[in-house]
Amino acid sequence: MRAGLGGGRLFRRDAEGIGVRAMAKSAGRKTVSVSRGLMMLCETCHSQVLQEKLVDHKNFVADHETLFDAICPGCLDINRPLIDDMLGSSE
Ligand SMILES: [Zn+2]
Numbered sequence: 081m082r083a084g085l086g087g088g089r090l091f092r093r094d095a096e097g098i099g100v101r102a103m104a105k106s107a108g109r110k111t112v113s114v115s116r117g118l119m120m121l122c123e124t125c126h127s128q129v130l131q132e133k134l135v136d137h138k139n140f141v142a143d144h145e146t147l148f149d150a151i152c153p154g155c156l157d158i159n160r161p162l163i164d165d166m167l168g169s170s171e
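In the working numbering, the protein residues as written are 81 to 171.
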């Protein structure tokens, strides 16, 4: 099912600590914010990024390259459009 990942621009209002519950519908998936939108992670990856302290108090991941390294192939696949977007446009 489509979860709106292509529309990352819709989710850029995290500057003021707004939660990310807009997309909380997908059962079994957790989301973290990145600069281009939301990453959907499985529980395993989510707890891993929490453990590695990649997520700040606003659920935002600044170091997205480390994040992409930390998550499993399944999560990479789900988030591929967003990942491509972020890796392709880092200047
Ligand atoms: Zn995963």
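Cβ atoms here follow ideal geometry from the backbone N, Cα and C, with glycine treated the same way.
Since this is a predicted model, take the numbers as computed values, not measurements.
Would you check whether ligand 1 has a heavy atom nearer than 6 Å to the C-beta of I158?
Checking the Cβ of I158 against ligand 1 gives no.
Let me confirm a value: C155 is counted as buried when at least 16 other C-beta atoms fall within 10 Å, else exposed. Which label applies?
C155 comes out buried.
So what's C152 in DSSP terms, helix, strand or just coil?
For C152, the secondary structure class from DSSP, reduced to helix, strand or coil, is coil.
Taking 6 Å as the cut-off, is the C-beta of G154 nearer than that to any heavy atom in ligand 1?
Result yes, Cβ under 6 Å from ligand 1.
Classification of T111 by the beta-carbon crowding that lies within 10 angstroms, buried from 16 upward
If you draw a 10 Å sphere on the C-beta of T111, you find 16 or more other C-beta atoms in it, and that means buried.
With DSSP collapsed to three states, give me the class of R116.
Three-state result, R116: coil.
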